[in-house]
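Peer 1: Chains as they are written, first to last, in the numbering used here: chain A, 1 to 105; chain B, 1001 to 1105. Right, I'll just put the structure down here and ask away after.
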DNA sequence: TTTAAATATCATACTTAGTGTGATATTATT
DNA sequence: AATAATATCACACTAAGTATGATATTTAAA
């Protein structure tokens, strides 16, 4: 059984916060700070870490590339440290690292 | 209660496929084709669609940007059609469009 | 055992997505 | 009234990401 406590709890709390905001019980500033606090922090990933994430899912570079919607050569470059994943790519990899491939399938 | 039938079913089937592959009952080619078939197809998003996704979540451009791990100006550029989201950014937006913000939180 | 196909490393050249700064205007909040 | 958040816009810059193709090794199949 997959653990989904965190995301389920977050979804529920988020909806509650939205309702409270619409009623006027919570102001925009609080909403914004709440959302910021819910963000999974992002740290740069070392080449080996990226490769480890992929091997953990037991898939090849080409297939992994299609999941991320990037070219297969880019995945190779990441794993060899030739290039480093940027903004949105890093978020994607962080999500997969934490929740697995099925989170974005 | 959030609907997670699809991802739960996929996770279960995926694990079964892996087990069958390790036993030798399923070859690599079949595994690869299976994974490819599980990918949510990606279509380019119009500026209005991107804005719609964000408004649907009731958050501002800056907060949305932090969820995606991109700069706030880029979100503005997307929504005005000045720039178009590429590979990994498109995947991220497609996931949010289908599963909501909590999928990547 | 040979053939074929998938995988992964590597090189090169190119395009544009994404960053960062800063100005402006409008809208909320106190 | 004043402060802060939001959003549009301009500009220059960097490097992420693309595309193609060669090579080598492994893996599957005939």
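All C-beta atoms, glycine included, are put in the ideal place defined by N, C-alpha and C.
(1) Please tell me whether residue 1064(B) and residue 1054(B) are closer than 8 Å, where the distance is taken between their beta carbons.
(2) For residue 79(A), return the contacting residues in chain B, with the cut-off set at a CB-CB distance below 9 Å.
(3) Only counting the same chain, and skipping five residues up and downstream in sequence, which positions put a Cβ closer than 8 Å to that of residue 69(A)?
(4) Report the rounded CA-to-CA distance for residue 84(A) versus residue 15(A), giving the unit in angstroms.
(5) Closer than 7 Å by C-beta to residue 93(A): which residues in its own chain qualify, once you throw out the five before and the five after it? Chain order, please.
(6) Would you mind telling me which residues of chain A sit closer than 9 Å to residue 1103(B), beta carbon to beta carbon, in chain order?
(7) What would DSSP say about residue 1063(B), mapped onto helix, strand or coil?
(8) With DSSP collapsed to three states, give me the class of residue 57(A).
(9) Counting only beta-carbon separations shorter than 8 Å, does residue 1058(B) have a partner in chain A?
(10) Compute the Euclidean distance between the alpha carbons of residue 26(A) and residue 20(A), then round it to the nearest angstrom.
Peer 2: With the given structure in hand:
(1) yes
(2) Neighbours of residue 79(A) on chain B: none; closest Cβ ~16 Å, over 9 Å.
(3) none
(4) 36 Å
(5) 45, 50, 53, 85
(6) 7, 95, 99, 103, 104
(7) helix
(8) coil
(9) yes
(10) 6 Å
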